[in-house]
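The sequence shown begins at 248 in this note's numbering and counts up by one.
Don't be surprised by glycine CBs; every beta carbon is placed ideally from N, CA and C.
Below: the structure, in structure tokens.
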Amino acid sequence: MDLKVDCYILRIKAREAWFSWPFLCEPNPSNITDKVICKGLEKFLINAPFTIDEINEIRVEKKTFEVKKQGD
């Protein structure tokens with residue numbers, strides 16, 4: 248049996264560069280709340296290589312992957 252997984256990725260543009268951080272994976276189908284997105288952003292910014300004032304744009308992307316289980 249295969250499993251579909253939705254991965255949510257923060258894409259942040261700062262200092263003319265894009266940074267990516269996968270912050271949550273959930274079984275498909277899934278939807279996340281604005282609050283969950285904000286928590287992911289907070290965790291990323293703790294160790295970000297830039298300050299919050301340098302952020303130009305923030306996006307959240309969802310990618311779905313099929314995970315093949317061996318032995319089923």
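Exercise. How about I256 and S267: are their beta carbons less than 8 Å apart?
Worked result: Closer than 8 Å, so yes.
Check: Skipping 5 residues on each side, what residues in its chain have a beta carbon closer than 6 Å to that of C254?
Finding: Excluding residues up to 5 positions away in sequence, P269, C272, K310 lie with their Cβ nearer than 6 Å to the Cβ of C254 in the same chain.
By a C-beta neighbour count over all protein chains shown, 10 Å radius and 16 as the cutoff for buried, is G318 buried or exposed? In this structure G318 is exposed. Its beta-carbon is surrounded by fewer than 16 other beta-carbon atoms within 10 angstroms.
Coil, strand or helix - I279 by DSSP: In the structure shown, the three-state DSSP call for I279 is coil.
Taking the DSSP output, what are the residues bridged to D253?
Beta-bridge analysis with DSSP links D253 to E273, T311.
**Item:** Length of the line joining the Cα atoms of T276 and K315
**Value:** According to the sequence as given, residue 276 is Pro; it is not Thr. Taken atom to atom, the span from the alpha-carbon of P276 to that of K315 is near 17 Å.
Does F291 come out as helix, strand or coil in the three-state DSSP assignment? Residue state, collapsed to three classes: helix.
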